[in-house]
Amino acid sequence: MNLTAKIVLPAAVYALVLAGAFAWGGAPALVSQASHGAALLAGLVPMLAVIAVTVEFTVRRPLAALARLGEAAAQPAAAPVAAADAAFRRIERAIHGLQQTAAAQRAELCAADERCERAERALALSEERLAIAVRGAHDGLWERDLDNARLILSPRWKSLLGYADDEFPNAIEAWREHVHPDDRDGAEAALAAHLEGATPRYERQLRLLHKDGRYRWMLSRGSAVRHANGRAYRIIGLDTDITAIKRVEYVLQQVVEGTAGTYGEDFFRCLVRHFAAALEVSCAFITECTDQPPTRVRTLAFWSASSFLDSLEYELAGTPCEAVIHEARTCFHPCGLARKFPVEGPFESYIGIPIIGREGKVLGHLAFLDSKEMGAEMLLDAVFRIFATRAAAELERRAMLERLAPRLA
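By the count of the working numbering, the sequence shown reaches residue 779 at its end, each step adding exactly one.
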């Protein structure tokens, strides 16, 4: 019999007897009053039920709970301890796994930071190289935001037209107003063709109005930045000042076309006339030396104020032509010519190019005079050398014919 039965059953019997004794005055009273049994039995049953319920809740159940606690306390403690150890080991393994994961994530984060730093350094270096390249190439950077119809012009771009950064607005209309009217439609059409994907890049030669009122030739190039679907949303480009190149092309074309098929005196006259027109100078003339070593020269053709002047001979001393002949080099006086050489009168600027024969001897020179200041763009050395060489060939050919004339007579 378990501990509950040993405690609860005797207590219940004792409680019943005790309750009957108090109710009837003890066991003898119960016997002596047998005649009243039926009536007493009817009253005893409810009372016993009440006593049984009271004993159940106040005695038996608390004692049963106490007995269970005692039995649980009597069981060995190994099972709960083992279960706790297993739980602790699981927690320990989970913590260790989390630590390993955190360490791996920290290592990956450090590696990502290093990669980011390297990328930032590479980007900064790339931007620095780009800036140096752009500055060195004298190119102007521009960008169009197509989605917002915005134009961004770099300070260098604005300086190509003679403007400070705050003097030229970053606006498409301002750019359009500075494009030469004859070039505007072509530039817009070339840009649209590239944005639509018809051309691999945008490239166009156009004239832009400088702050000084003159047009500058620009080579404008750019490439579009596109979405994955191919739609362009930005275009970035560079403009390069090619005015000097275009000037060389123009002068060369004018003089070549003007002197093609001419020889002798006709060549000299066509040479100075077309040079004067192409360079837009007041005077142009070509000479030959009259003595050796040279002290005097004679003009072979002299173009001034839209007409030819008569041939003349003059002393080299006191003129800018002296250094050209004696030193066999190009001489350039962009301004202040009359102050340096009073003999030159009203002229402000001068360029002189020596004409050198096959033996290295100076045969004469080609010269240009102007009443206004000349810019550095006037120094078209390559073009000058071409026609100075052609003039030398003509002078040597003429000298040879003069030497052969007596023999042919």
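Cβ atoms here follow ideal geometry from the backbone N, Cα and C, with glycine treated the same way. Computed from a predicted model, the values in this text were never measured in an experiment.
Which residues DSSP lists as bridging residue i, in chain order
i, result
"Val549", "Leu578"
"Arg491", "Paired residues: none, contrary to the question."
"His644", "Per DSSP, none; premise fails for His644."
"Ile605", "Arg514 and Ala594"
"Ala654", "Trp673 and Phe738"
"Thr610", "Asp509 and Leu589"
"Leu521", "Arg514"
"Cys659", "Val667"
"Glu683", "Arg668"
"Tyr720", "His703 and Leu739"
Cβ neighbours of residue i in the same chain (closer than 7 Å, five flanking residues each side left out)
i, result
"Phe392", "With a pLDDT of 44 at Phe392, under the threshold of 50, the modelled position of that residue is not reliable, and no figure is offered here."
"Cys691", "Val667, Gly722, His735 and Ala737"
"Glu747", "Thr613, Ala614 and Arg617"
"Ser402", "Because Ser402 carries a pLDDT of 47, less than 50, the predicted location of this residue cannot be relied on, and no value is offered for it."
"Val651", "Phe738, Leu739 and Asp740"
"Phe711", "Gly688, Thr689 and Pro690"
Coarse secondary structure for residue i, derived from DSSP in three states
i, result
"Arg699", "coil"
"Ala544", "helix"
"Met588", "strand"
"Gly395", "Any answer about Gly395 is weak, because its pLDDT of 46 lies below 50 and its placement is not dependable; what the coordinates show is given next. Reduced to three states, the DSSP call for Gly395 is coil."
"Met371", "In this prediction, Met371 scores a pLDDT of 47, lower than 50, which makes its location untrustworthy; the coordinate-derived value is nonetheless stated afterwards. Looking at Met371 - three-state DSSP - the assignment turns out to be coil, as it is neither helix nor strand."
"Gly688", "coil"
"His466", "helix"
"Val595", "strand"
"Phe538", "coil"
"Ala474", "helix"
"Ala758", "helix"
"Arg728", "coil"
"Leu531", "coil"
"Ala382", "Reliability fails at Ala382, whose pLDDT of 47 lies under 50, so the model's placement of it is uncertain and the value that follows must be treated cautiously. In this structure, Ala382 counts as helix in the three-state DSSP scheme."
"Glu573", "strand"
"Phe678", "strand"
"Leu565", "helix"
"Leu733", "strand"
"Met744", "coil"
"Tyr620", "helix"
"Ala557", "helix"
"Thr629", "helix"
"Leu750", "coil"
"Phe711", "coil"
"Gly600", "coil"
"Gly634", "helix"
Residue i burial status per 10 Å Cβ neighbour count (16 or more: buried)
i, result
"Pro664", "buried"
"Val642", "buried"
"Pro776", "exposed"
"Glu764", "buried"
"Met770", "exposed"
"Thr471", "exposed"
"Pro514", "For the record, residue 514 in the displayed sequence is Arg; it is not Pro. That one is buried."
"Val595", "exposed"
"Ile656", "buried"
"Cys480", "exposed"
"Cys486", "exposed"
"Phe717", "buried"
"Arg571", "exposed"
"Ser677", "exposed"
"His466", "exposed"
"Phe754", "buried"
"Arg584", "exposed"
Cβ pair residue i, residue j closer than 8 Å
i, j, result
"Tyr603", "Leu516", "yes"
"Ile615", "Gly592", "no"
"Tyr620", "Ala648", "yes"
"Ser530", "Gly510", "Looking at the sequence itself, residue 530 is Leu, so the reference to Ser does not match. It is a contact, given that the beta carbons lie within the stated cut-off."
"Thr700", "Ser681", "no"
"Arg728", "Glu683", "no"
"Arg768", "Gly556", "no"
"Asp611", "Trp527", "no"
"Cys705", "Glu658", "no"
"Ala541", "Leu561", "no"
"Gly631", "Gly600", "no"
"Gly350", "Asp582", "Outside the displayed span of the chain (371 to 779) sits residue 350, for which this structure offers no information."
Residues of its chain near residue i, where Cβ-Cβ distance is below 6 Å and the 5 sequence neighbours each way are ignored
i, result
"Arg639", "Ala671"
"Tyr720", "Pro690, His703, Leu707 and Leu739"
"Ile725", "Leu733, Gly734, His735, Ala758, Ala761 and Ala762"
"Val694", "Cys701, Gly722, Pro724 and His735"
"Ala548", "Before going on, a small fix: residue 548 reads as His here, not Ala. Once the five neighbours on either side are set aside, the close Cβ partners of His548 are Leu578 and Leu579."
"Pro380", "Unreliable placement is indicated for Pro380, whose pLDDT of 49 sits below 50; the coordinate value is still reported in the next sentence. Counting only Cβ-Cβ distances below 6 Å, and skipping sequence neighbours, we find nothing."
"Trp673", "Val642, Arg643, Ala646 and Ala654"
Own chain residues within Cβ distance below 8 Å of residue i, not counting five before or after
i, result
"Leu757", "Reading the sequence as shown, one finds Phe at residue 757 and not Leu. Val625, Thr629, Leu641, Phe645 and Leu736."
"Gly715", "Ala708"
"Val713", "Gly688 and Thr689"
"Asp661", "none"
Residue i CB to nearest heavy atom of the ligand FMN below 7 Å
i, result
"Ser674", "With respect to the ligand FMN, the structure shown offers nothing to examine, as it has no ligands at all."
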